[in-house]
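Participant: Position 14 (the sequence shown) corresponds to 16 in the numbering used here; numbering is contiguous. We put the CB at the ideal spot given by N, CA and C, even for glycine.
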Amino acid sequence: MARVAVFFGGRSEEHEVSCVSAVAVIEALAHKGHDVLAVGIGRDGGWHLVDPASRPLAAEGPAVVLEVPDGALRSGDTRLAFDVAFPVLHGPYGEDGTVQGMFEMAGVPYVGSGVVGSAVAMDKDVAKRLFAEAGIPTSPFLTIRAGGFADDPAGVIARVAAVLGYPVFVKPAELGSSVGISRAVDDESLKDAVQEALRHGDKAVAEQEVRGREIEVAVLEGPRASVPGEIVVSGWYTYEAKYRDDATTLLVPAPLSEAAAAEVRELAKRAFTVLECRGLARVDFFYEEEGRGFVINEINTMPGFTPKSMFPMMWDATGLPYPDLCDELVGLALER
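(1) Which of helix, strand or coil does DSSP assign to residue 295?
(2) Apart from the five residues just before and just after residue 225, which ones in its own chain have a Cβ nearer than 7 Å to its Cβ?
(3) For the alpha helix (DSSP H) containing residue 159, list its first residue and its last residue.
(4) Quick test of the definition: if touching needs 3 or more C-beta pairs under 8 Å, does the region 285-297 touch the region 142-157?
(5) What are the start and end residues of the alpha helix (DSSP H) that includes residue 33?
(6) Determine contact between the region 4-22 and the region 31-48, defined as no fewer than three beta-carbon pairs at a distance below 8 Å.
(7) Let me know if residue 195 comes out buried or exposed under the rule of 16 or more other beta-carbons within 10 Å of its beta-carbon.
(8) Could you tell me the distance, in whole angstroms, from the CA atom of residue 218 to the CA atom of residue 79?
(9) Provide the residue(s) that pair with residue 105 in DSSP beta bridges, ordered along the chain.
(10) If we count Cβ pairs, one from each stretch, closer than 8 Å, do we get three or more for the region 258-270 versus the region 190-208?
(11) Between 296, 188, 184 and 185, which has its C-alpha nearest residue 258's C-alpha?
(12) Take residue 327 and list the residues in its own chain whose beta-carbon comes closer than 7 Å to its own, dropping the five residues that flank it on each side.
(13) Measuring CB to CB, does residue 167 end up less than 8 Å from residue 210?
(14) In the DSSP output, which residue or residues are listed as bridge partners for residue 173?
(15) Give me, in chain order, the residues of the same chain whose beta-carbon lies closer than 6 Å to that of residue 255; leave out the 5 immediate sequence neighbours on both sides.
(16) Please report the residue range of the alpha helix (DSSP H) in which residue 270 lies.
(17) Taking all protein chains shown into account, do 16 or more other C-beta atoms lie within 10 angstroms of the C-beta of residue 187, making it buried, or fewer, making it exposed?
(18) What residue ranges within the region 33-121 form continuous alpha helix (DSSP H) runs of no fewer than 4 residues, ordered along the chain?
(19) Who are the near neighbours of residue 239 in its chain, counting only those whose CB is closer than 7 Å to its CB and skipping five residues on each side?
(20) Going by DSSP, what residues sit across from residue 286 in a beta bridge?
(21) How big is the Cα-Cα spacing for residue 329 and residue 193?
(22) Is residue 191 helix, strand or coil by DSSP?
(23) Report yes if the CB atom of residue 294 is closer than 8 Å to the CB atom of residue 312, and no otherwise.
(24) Roughly how many angstroms separate the alpha carbons of residue 337 and residue 223, rounded to a whole number?
(25) What span of residues does the beta strand (DSSP E) with residue 143 cover, start to end?
(26) Reducing DSSP to helix, strand and coil, say where residue 212 ends up.
(27) Identify the residues that DSSP records as bridge partners of residue 231: which are they?
(28) How would you write the range of the alpha helix (DSSP H) that residue 335 sits in, first residue to last?
(29) Per DSSP, residue 186 is paired with what?
(30) Going by the CB atoms, is the gap between residue 301 and residue 282 shorter than 8 Å?
(31) In or out: residue 154 buried (at least 16 other Cβ within 10 Å) or exposed?
(32) Restricting to Cα atoms, I'd like to know which of 83, 333, 190 and 280 is closest to residue 160.
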């Protein structure tokens with residue numbers, strides 16, 4: 003058994019989701035016999051030693067630092083021994099390659115994708131270009147940069163409308179959990195949507211709306227793909243629908259034909275490989291049954307990780323229960 007340092011919280015807008023996911027991961031690892039150390043990262047970026055048994059889990063407590071290059075984790079004069087890091091961190095400053103780069107410099111084994119896979123998967127613009135180059139169907143899109151929009155907002159709006167038409171979705175290029183996403187149906191709402199997306203970073207992506215079922219696949223290193231799942235929601239999958247709306251229905255396995263399920267699993271594995279992912283990822287698709295078939299949306303390299311989140315649910319339905327899933331991810335990290 004290993005001593006696992008579970009990192010949670012973080013500076014992104016998904017801080018709260020990370021704290022909830024970390025509780026489940028800590029309990030699962032303890033159930034499998036691992037010794038767990040909890041490190042909470044505050045919204046201000048500070049690292050804290052946290053009692054893993056505390057509930058609710060919060061990024062508060064004695065200060066902790068990770069020393070580079072020896073990989074020592076210290077709280078004051080005390081060195082905190084651990085074998086592997088499990089970064090249960092969603093969004094920027096945790097899922098985008100930044101923390102992964104720190105672990106690499108410190109020589110610390112860690113769960114999940116490396117610097118390249120994490121950074122590329124987080125950047126929707128770069129990821130979509132790589133998908134298209136690899137022949138994985140993706141919806142038409144345009145990238146909007148803050149400087150270009152500030153210089154000529156009318157020109158940007160006109161180009162998006164001419165190339166993509168309406169409706170379109172506008173997203174921050176490097177956020178998850180549907181934060182900062184808006185649906186635009188005309189020039190006025192498009193301008194508002196772009197401004198909202200650019201509040202979260204200097205690059206946004208405008209995508210042509212895809213009308214299809216929302217299908218997801220969980221992938222583990224290998225790559226190995228789970229049975230697909232489906233999200234059934236009224237309207238589109240907002241932050242509230244993901245985490246606060248009881249009307250959202252998660253179907254696992256997804257009601258797909260055997261051929262369609264096999265196809266989307268293969269596409270998910272290809273996408274995982276194309277973006278240089280490792281460890282784990284959730285691959286999200288739209289399914290146009292009477293049109294283009296499966297159209298990739300995005301890859302999430304550290305998806306929501308409670309037992310009721312789609313990634314663990316899909317693996318449970320494939321025959322890998324939640325505690326075993328967490329245990330396997332630790333094993334994969336230690337094997338590298």
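Facilitator: Reading from the atomic positions:
(1) Per DSSP, reduced to three states, the secondary structure at residue 295 is strand.
(2) Here residue 225 has 271, 274 and 275 as same chain residues with Cβ atoms under 7 Å from its own Cβ, once five neighbours each way along the sequence are excluded.
(3) Per DSSP, residue 159 belongs to the alpha helix (DSSP H) from 155-166.
(4) Touching, no.
(5) Counting along the chain, the alpha helix (DSSP H) containing residue 33 begins and ends at 17-33.
(6) Yes: the two stretches touch, three or more of their Cβ pairs being nearer than 8 Å.
(7) When all chains shown are included, residue 195 counts as buried.
(8) Rounded to whole angstroms, residue 218 to residue 79 spans 46 Å at the Cα level.
(9) In DSSP, residue 105 forms no bridge with anything.
(10) No, the region 258-270 is not in contact with the region 190-208.
(11) Per the Cα distances, 296.
(12) Exclusion of the five residues before and after residue 327 leaves 314 and 317 as the residues of its chain whose Cβ lies within less than 7 Å of its Cβ.
(13) Yes; because the gap between Cβ atoms is below 8 Å, this pair is in contact.
(14) DSSP output for residue 173 lists 207 as bridge partner(s).
(15) Scanning its chain for C-beta atoms nearer than 6 Å, with the 5 sequence neighbours on each side dropped, one finds around residue 255 the residues 229 and 319, in chain order.
(16) Note, residue 270: alpha helix (DSSP H), 260-276.
(17) Residue 187 comes out exposed.
(18) Within the region 33-121, the complete alpha helix (DSSP H) runs of at least 4 residues fall at 100-108.
(19) With a pLDDT of only 47 at residue 239, under 50, the local geometry of the prediction cannot be trusted, and the value read off the model is given with reservation. Closer than 7 Å at the Cβ level, and outside the excluded window around residue 239, lie 180, 216 and 233.
(20) In DSSP, residue 286 forms a bridge with 218 and 300.
(21) Cα to Cα, residue 329 sits roughly 46 Å from residue 193.
(22) Three-state result, residue 191: helix.
(23) Judged by beta-carbon spacing, residue 312 lies beyond the 8 Å limit of residue 294, meaning their Cβ atoms are not closer than that value.
(24) Taking the straight line from one Cα to the other gives about 12 Å.
(25) Its beta strand (DSSP E) spans residues 143-147.
(26) Residue 212 falls in the coil class under three-state DSSP.
(27) The partner list for residue 231 (beta bridge, DSSP) reads 218.
(28) Boundaries of the alpha helix (DSSP H) around residue 335: 324-337.
(29) Looking at the DSSP assignment, residue 186 forms a beta bridge with 170.
(30) Not in contact: residue 282 and residue 301 (Cβ atoms no closer than 8 Å).
(31) Classification of residue 154: exposed, given that the 10 Å Cβ count is below 16.
(32) For residue 160, the nearest C-alpha among the options comes from 190.
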